[in-house]
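**Student:**
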Amino acid sequence: MAADLATMLGIYVYALYALAAYSFTYRDNSFFKFAEHTYVATSIAYNAAVAYGTIRFTAVEPILTGKDFTFLIPLLVGALFIFFFSKKYFWLYRFPIAVIAGTGFGLAMSGTISAQFMAQILATIPPQLKLYVVHPTLGFQGMDTLNNWLIIIMTIGTLAYFFFSIPPETALGKTARTLGIVGRWTMMIAFGSAFGNTVMTRMNLFIGVYKNLLRDWTSFIGFTVLILVVATLEGQRAKKAEQKA
Amino acid sequence: MSLWKRLEAVDVRMIYLVLWILVGIPLLSPLYLPLSISPDTVKYHDAVEALPAGAVVAFGMDVSPAGYGGELGPQARATATHVLRKPVKVIFLSFWETGAPLIESVWKDPFVAALMKTKEYGKDYVNLGWIPGTETGMASFATDIWKTAEKGDYKGTKLADLPIMANVKTVNDFYMLICIETGTPGGPEYLRQWQARNPKLKMIVGSLGVSVPANMAYVASGQYISLLRGGRGATEYQRLLNIVTPADVQGADAMTMSHVVVLAFLAIGNIAYFATKKPKTSGGKA
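The listed protein sequences derive, respectively, from chains A and B. The working numbering puts the first residue of the first sequence at 110, with every later residue one more than the last. The working numbering puts the first residue of the second sequence at 4, with every later residue one more than the last.
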C-alpha cells in the first residue's frame with residue numbers, strides 16, 4: 110500500500126513538473142519558474158553531494174588513515190578556489206584553474222593528435238578512402254563509391270572556403286573561390302543536418318515525457334487545466350499592470 | 004489577407020497544440036506505421052553479434068537523465084539485452100555521476116532482467132558505478148583499472164573479490180567498448196584516452212540525435228564500427244532483436260508522427276515565405 114502511494118505520488122510530482130516546464134510554450138508563469146528553480150537547485154545539490162562523497166573517499170580517508178599523505182597537495186590546491194570571493198587574494202584562485210586547464214589540455218592533446226587529427230585526415234585520403242568500392246560478395250557498391258568521392262570533394266571545398274592566403278584576382282584564387290562555393294554548400298548541408306537531428310532529439314524527449322504523462326489521465330488533465338488557468342490570470346494581471354504604467 | 008499571409012501570422016501556440024494532438028494519437032492507440040532499418044543499425048547489431056565467447060566488453064553508460072528518458076534509455080536497454088545474450092563478460096561503468104544510477108534502471112528492463120537471471124554477478128557481469136574525473140578519469144582507468152576503481156564496484160565490493168576483474172587490468176584487456184553517450188565525456192574522449200592506447204579496441208556508440216552529425220565522422224574514418232542514431236536507431240535495433248513491446252510501437256509511431264508534423268510545418272513555412280516574398284527592387288534606396 111505504501112509502495113502504491115509512493116508510486117502515485119511520484120507520478121503526480123512528475124506530471125506537475127513536466128507540465129510546469131512545458132507551460133512556458135503557452136506563456137511565462139510562476140509554475141514554470143518554480144519548476145526551473147527546483148531543477149537547478151536539485152542538480153546542484155546532487156552534484157555537491159556526489160563531489161563530497163568522492164573527495165571524502167578518494168582523498169580525505171587515505172590521509173586520515175595514514176595510507177597516503179600525498180593527497181594533501183591536491184586538497185590544498187583545490188581549497189584555493191575559495192579565493193575567488195576575495196578581491197585581495199584573487200590571484201591565488203588562478204593556481205587551481207591553471208592546474209585543471211594544464212592537465213586537461215595536456216591529456217586531451219596527447220590523444221587528440223592520433224585519434225582525432227591524424228585519423229580524421231587519413232580517412233579522407235586514398236588508399237584508406239577507396240575511390241572504387243567493391244564488396245567481396247555483393248560486387249561494386251555505387252552508393253559507397255559516390256559517398257567516398259563526396260567526402261573528398263566536400264573536404265577540399267570546405268578547406269578552400271577558409272583559405273584566404275591567395276589573392277582572389279589570380280587564377281589560383283579564382284579556383285579556390287569556386288571550390289569555396291562547394292564548401293559553403295557543404296557546411297550549410299551539415300548545419301541543416303545538425304539542426305534536423307536536434308529537432309529529432311527534442312521530439313523524442315517530448316514523446317518520452319508525453320508517454321509518462323498518459324500513465325495517469327487525471328493528473329495530466331487536472332494539472333494542465335490548473336496551470337493554464339493560473340498562467341492566463343497572471344498574463345491578464347501583467348497586462349493590466351503594463352497598461353497602468 | 005491571403006491564406007499564406009494568415010499562415011505566416013499564426014500564433015506559435017497553435018503549432019504546439021497541433022503537435023500535442025497529433026503526437027498524442029499514436030500514444031493512445033498504435034498506428035503500426037512502417038519503419039525501415041538503416042545500414043548503421045544493422046552494422047551496430049552485427050558488431051555485437053560477432054562478439055567472440057569470453058570477450059570482455061566495457062559498457063559505458065555516460066548519460067544524463069534527460070538523455071536517458073528520451074533516446075538513450077531504449078538504446079541502452081536494447082544493447083544490454085543483445086550483449087547479455089552473448090557468452091561474454093560485461094563491465095558496466097559510467098564517467099557521468101548521473102549515469103551510474105541509470106545502469107540499474109537498464110537492469111530493470113524485463114528483457115534484460117530475464118537474461119540476468121541466467122548470469123552471475125561478479126563473474127559474468129559487474130557494475131563499477133561512477134568513475135570520477137571525466138576525461139582524466141578515463142585516462143587513469145585506461146592505464147590502471149584496479150587503482151582507479153579502488154573503491155570497488157557500485158556496492159563497494161573490492162575488485163579482488165570479483166572474478167570477472169581478475170584478468171582485467173588495463174584498457175588493453177577490453178575487446179569492445181559500447182558507449183551510450185549524452186555528451187562530454189563520451190565517444191571522442193574514449194577515442195583519445197582508450198582507443199589511442201589500445202588501437203585494437205572495437206567501438207560502437209549510441210548517441211542522441213543531436214550528436215549524430217559530429218559522431219558520423221568517426222564512423223566514416225572506421226574508428227567507430229557503427230553508430231546508433233538517437234531514438235529512431237533504438238527503435239530499429241529493438242526490431243532487429245525482436246524485443247518490441249506495444250509501448251515501443253506507440254513510441255515509434257509517435258516519433259514518425261512528430262517528424263511528419265515538423266516536415267509539414269517546414270514545407271508550409273517555406274511555401275508561405277516564397278509565396279508572400281516581395282520581388283527585389285533595383286536602384287537601392289528610394
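C-beta: ideal position from N, C-alpha, C; glycine also.
DSSP beta-bridge partners for V129/B?
**Tutor:** For V129/B, which the question treats as bridged, DSSP gives the partners I94/B.
**Student:** Would you say A127/A lies against chain B (beta-carbon separation less than 7 Å)?
**Tutor:** No, A127/A lies away from the interface with chain B (no Cβ there is under 7 Å from its Cβ).
**Student:** Kindly indicate the opening and closing residues of the alpha helix (DSSP H) around S261/B.
**Tutor:** Note, S261/B: alpha helix (DSSP H), P249 to A278.
**Student:** Against chain A, does A257/B count as a neighbour if the rule is that its beta carbon must be under 7 Å from one of theirs?
**Tutor:** Closer than 7 Å: yes.
**Student:** By Cβ distance, which residues of its chain are closer than 7 Å to E100/B, with the 5 residues on each side in sequence left out?
**Tutor:** Counting only Cβ-Cβ distances below 7 Å, and skipping sequence neighbours, we find W133.
**Student:** Could you check how far apart the C-beta atoms of V66/B and T185/B are, in whole angstroms? I think they sit under 8 Å.
**Tutor:** With 8 Å as the limit, V66/B and T185/B qualify as a contact, their Cβ atoms being about 5 Å apart.
**Student:** Residues in the same chain with beta-carbon distance under 8 Å from K172/B, minus the five sequence neighbours each way, listed in chain order, please.
**Tutor:** Hits under 8 Å: D147, I148 and W149.
**Student:** Relative to chain A, which residues along the segment 115–145 of chain B have a C-beta separation below 7 Å, given in chain order?
**Tutor:** So the list reads P135, E138, T139 and A142, given in the order they occur along the chain.
**Student:** In chain order, what are the residue ranges of uninterrupted beta strand (DSSP E) at least 3 long that sit wholly in the segment 115–163 of chain B?
**Tutor:** Listed in chain order, the complete beta strand (DSSP E) runs (minimum 3 residues) inside the segment 115–163 of chain B are 128–133.
**Student:** Helix, strand or coil, according to DSSP, for L293/A in the structure here?
**Tutor:** It should be noted that the sequence gives Arg, not Leu, for residue 293/A. Here R293/A sits in helix by DSSP.
**Student:** Just checking: is the beta-carbon of S224/B within a distance shorter than 7 Å of some beta-carbon in chain A?
**Tutor:** Yes, because at least one Cβ of chain A sits closer than 7 Å to the Cβ of S224/B.
**Student:** I need the boundaries of the beta strand (DSSP E) containing F329/A, first residue and last residue.
**Tutor:** F329/A -> not in any beta strand (DSSP E); alpha helix (DSSP H) instead, spanning W326 to K353.
**Student:** Output, in chain order, the set of chain A residues within a Cβ distance shorter than 9 Å of E100/B.
**Tutor:** The answer, in chain order, is Y155, N156, V159, A160 and T163.
**Student:** Taking the straight line between their C-alpha atoms, what separation do you get for M302/B and A169/B?
**Tutor:** Coverage of chain B is limited to positions 4 through 289, which leaves residue 302/B absent and any answer about it impossible.
**Student:** Could you work out which residues of chain A lie near R242/B, taking near to mean beta carbons separated by less than 7 Å?
**Tutor:** Those do not exist, as R242/B stays about 16 Å from chain A at its closest Cβ, beyond 7 Å.
**Student:** Please list, in chain order, the chain B residues whose beta carbon lies closer than 8 Å to that of A124/A.
**Tutor:** None at all; the shortest Cβ gap to chain B is about 14 Å.
**Student:** Going by DSSP in three states, E170/A sits in which element: helix, strand or coil?
**Tutor:** Correct three-state label for E170/A: helix.
**Student:** Within 10 angstroms of its Cβ, does K203/B collect 16 or more other Cβ (buried), or is it exposed?
**Tutor:** Its Cβ having fewer than 16 others within 10 Å, K203/B is exposed.
**Student:** Run down chain B in chain order and give the residues with a C-beta less than 8 Å from the C-beta of I316/A.
**Tutor:** Those within 8 Å of I316/A in chain B are V26, L30, G73, G234, G254, A257, M258 and S261.
**Student:** Using the beta-carbon count (16 or more within 10 Å), is A289/B buried or exposed?
**Tutor:** At A289/B, the pLDDT of 43 sits below 50, so the modelled position is not reliable and the matter cannot be decided from this model.
**Student:** Under 7 Å Cβ-Cβ, which residues of chain A neighbour K154/B?
**Tutor:** Correct list: F166.
**Student:** Using the beta-carbon of each residue, which ones in chain A are nearer than 8 Å to Q198/B?
**Tutor:** Those are A224, listed as they occur along chain A.
**Student:** For L128/A, count neighbouring C-beta atoms within 10 Å of its own C-beta (all shown protein chains included) and say buried if the count is 16 or more, exposed if not.
**Tutor:** It is buried - the Cβ of L128/A has at least 16 other Cβ atoms within 10 Å.
**Student:** Could you work out which residues of chain A lie near P216/B, taking near to mean beta carbons separated by less than 8 Å?
**Tutor:** Result: A299, S302, A303 and N306.
**Student:** Put A61/B into one of helix, strand or coil per three-state DSSP.
**Tutor:** In this structure, A61/B counts as strand in the three-state DSSP scheme.
**Student:** Leaving aside the five residues before and after A220/B along the sequence, list all residues of the same chain whose C-beta is less than 8 Å from its C-beta, in chain order.
**Tutor:** Excluding residues within five positions, none has a Cβ falling inside 8 Å.
**Student:** Let me check understanding here. Comparing Cα to Cα, which of I28/B, G27/B, Y35/B and F95/B lies closest to V59/B?
**Tutor:** Nearest option by C-alpha distance: F95/B.
**Student:** Taking 8 Å as the limit between beta carbons, can you name the residues of its chain near V242/A, skipping five residues before and five after?
**Tutor:** Result list for V242/A: F249, Q250, D253, T254 and N257, in chain order.
**Student:** I want to verify the contact list: residues of chain B whose CB lies under 8 Å from the CB of N138/A, in sequence order.
**Tutor:** Residues of chain B passing the Cβ test: none, with the nearest at roughly 13 Å.
**Student:** Output, in chain order, the set of chain A residues within a Cβ distance shorter than 7 Å of A220/B.
**Tutor:** Those within 7 Å of A220/B in chain A are Q229.
**Student:** Can you name the start and end residues of the alpha helix (DSSP H) that I260/A belongs to?
**Tutor:** From DSSP, the alpha helix (DSSP H) with I260/A extends over G251 to Y270.
**Student:** In terms of residue numbering, what span does the alpha helix (DSSP H) encompassing I227/A cover?
**Tutor:** According to the sequence as given, residue 227/A is Met; it is not Ile. Segment: none, M227/A is in no alpha helix (DSSP H) and carries neither H nor E.
**Student:** Below 8 Å CB to CB, which residues in the same chain sit around V15/B once its five sequence neighbours on both sides are set aside?
**Tutor:** For V15/B, where only same-chain residues beyond five positions count, there are no Cβ hits under 8 Å.
**Student:** Note down the Cα distance separating S328/A from Y126/A, rounded to an integer number of angstroms.
**Tutor:** If you take the alpha carbons of S328/A and Y126/A, they lie about 11 Å apart.
**Student:** In chain B, what lies closer than 9 Å to K320/A by C-beta?
**Tutor:** Those within 9 Å of K320/A in chain B are L30, A250, Q253, G254 and A257.
**Student:** Give the residues of chain B in contact with L323/A, contact being defined as C-beta atoms less than 8 Å apart.
**Tutor:** Ordered by position in chain B, the residues that pass the 8 Å Cβ test against L323/A are G27, L30 and L31.
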